[in-house]
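Q: Quick one: the structure is below, and I'll ask about it shortly.
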Amino acid sequence: MREDQYIGLNERAETFLNNGKKVLVYSEERTRTYPDGRVEQDTKEVKAGYETTRSGESVRGMFDDYQVNEYTVFETGRKYVEFVQAKPWSSGPMFFLALKDAATGEVVKESLWADDEIEEML
């Protein structure tokens with residue numbers, strides 16, 4: 015079966031975007047009431063170091079277009095955008111994404127996939 019495979023960013027890109035400093039994005043409170051009358055409450059906090067939006071650009075696959083994301087780092091306000099680092103073929107194109115600075119176009123080295131990482135996914 016032929017299909018587009020969007021592998022996306024690697025874990026190092028996520029670490030780079032979070033920069034070790036996450037801020038509270040939202041909290042969620044949940045109450046569970048059981049038939050025996052027990053009540054449990056918990057709060058879940060979602061923290062992140064960046065916000066994700068669509069950049070307005072897209073990458074053409076074999077069947078679909080992939081909408082390119084832009085990331086704004088909360089701490090610095092800097093914006094980074096995805097780009098296709100590699101597009102090997104394995105029953106269809108595989109899109110390995112990395113980051114570049116939206117203002118300067120400079121590639122974020124930490125976000126690059128190593129050749130052996132790409133090879134092992136083929």
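According to this note's numbering, the residues represented by the sequence shown are 15 to 136, in order.
Glycine included, every Cβ here is placed at the ideal spot set by N, Cα and C.
Determine whether the beta carbon atoms of residue 61 and residue 87 lie at a separation below 8 Å.
A: No, these two residues do not count as a Cβ contact at 8 Å.
Q: Give me, in chain order, the residues of the same chain whose beta-carbon lies closer than 8 Å to that of residue 31; leave out the 5 immediate sequence neighbours on both sides.
A: 63, 64, 85, 87, 94 and 113, listed in sequence order.
Q: Tell me the DSSP bridge mates of residue 121?
A: Paired residue(s): 114.
Q: Starting from residue 31 and walking both ways along the alpha helix (DSSP H), at which residues does that stretch end?
A: Residues 25-32.
Q: Exposed or buried, which one is residue 117 when buried takes at least 16 other CB atoms within 10 Å?
A: Exposed, because fewer than 16 other Cβ atoms sit within 10 Å of the Cβ of residue 117.
Q: Going by the CB atoms, is the gap between residue 107 and residue 132 shorter than 8 Å?
A: No, the pair does not count as a contact, with Cβ atoms beyond the cut-off.
Q: I need the DSSP call for residue 108, collapsed to helix, strand or coil.
A: DSSP places residue 108 in strand when its eight states are reduced to three.
Q: At the level of alpha carbons, what is the spacing between residue 24 and residue 136?
A: Whole-angstrom Cα-Cα distance: 15 Å.
Q: What are the start and end residues of the beta strand (DSSP E) that includes residue 89?
A: Here residue 89 belongs to no beta strand (DSSP E), and DSSP marks it neither H nor E.
Q: So residue 71 is in the beta strand (DSSP E); what residue range does that whole segment cover?
A: Segment 64-74, the beta strand (DSSP E) holding residue 71.
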